Structure formats: C-alpha cells, structure tokens
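In our numbering, the protein residues as written are 60 to 144. Ideal placement from N, C-alpha and C gives every residue a C-beta, glycine not left out. Small disclaimer: the values here were computed from a predicted structure and weren't measured.
Shown next as structure tokens:
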C-alpha cells in the first residue's frame, strides 16, 4: 500500500436474500450495480452474524460489541444515548 487509505463500502441490506443477487448466481439481471461492485471489489461469501434480528445486528456492526454488551436484543430497542459507535 502506498500510504493511501482504502475505499471501503459496507452494504447492509434489510431482507436481501443472498440468492437474489446476480453475483451469487441469480439468472435474472435484477441487481446490475451490486453485481458490478461485487466484480470489482471484495465480497464476504460466507457472512455469519451473532445477531439474526435486524436492529441488534446493526447495533453490533455499529459498536463492534456483542448484543449482551450493547443491550439491543430485539428490534424495538435502540442503543443507549452516548453509546460509542
């Protein structure tokens, strides 16, 4: 690396099944822009989450902490004010 910082784009879709993307083998051209990004970048092909519900998974991504630590264990609970992200 030449000292420049890498460009990182995280796409965190809600209710997007893996098999609806062309880059994962779907036969229809439903996601051309996501497929283009996938071809030119790096993909997680076997992502795993310890929080299978939407809001807790987002809180884990934002804080880098387990759900037992950040306190968001269901969808209608938000992060406590002042929680570092």
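Assuming residue i contacts residue j under a Cβ cut-off of 8 Å, what Cβ separation, rounded to an integer in Å, is found between them?
i: residue 126; j: residue 132; result: 5 Å
i: residue 135; j: residue 113; result: In fact, because the Cβ distance is near 11 Å, the residues do not count as touching under 8 Å.
i: residue 138; j: residue 71; result: That belief does not hold up - the Cβ atoms of residue 138 and residue 71 are roughly 15 Å apart, past 8 Å.
i: residue 93; j: residue 82; result: 7 Å
i: residue 142; j: residue 129; result: 6 Å
Mind checking which residues open and close the alpha helix (DSSP H) that includes residue i?
i: residue 95; result: 91-99
i: residue 115; result: 113-122
i: residue 127; result: 126-129
Can you tell which of the options has the C-alpha that lies nearest to the C-alpha of residue i?
i: residue 67; options: 102, 116 and 106; result: 102
i: residue 105; options: 89, 142, 91 and 76; result: 76
i: residue 117; options: 73, 80 and 88; result: 73
i: residue 65; options: 100, 87, 115 and 107; result: 100
i: residue 97; options: 84, 115 and 129; result: 84
Please confirm whether residue i has its beta-carbon closer than 8 Å to some beta-carbon of chain C.
i: residue 73; result: Among the chains in the structure shown there is no chain C, since it carries only a single protein chain.
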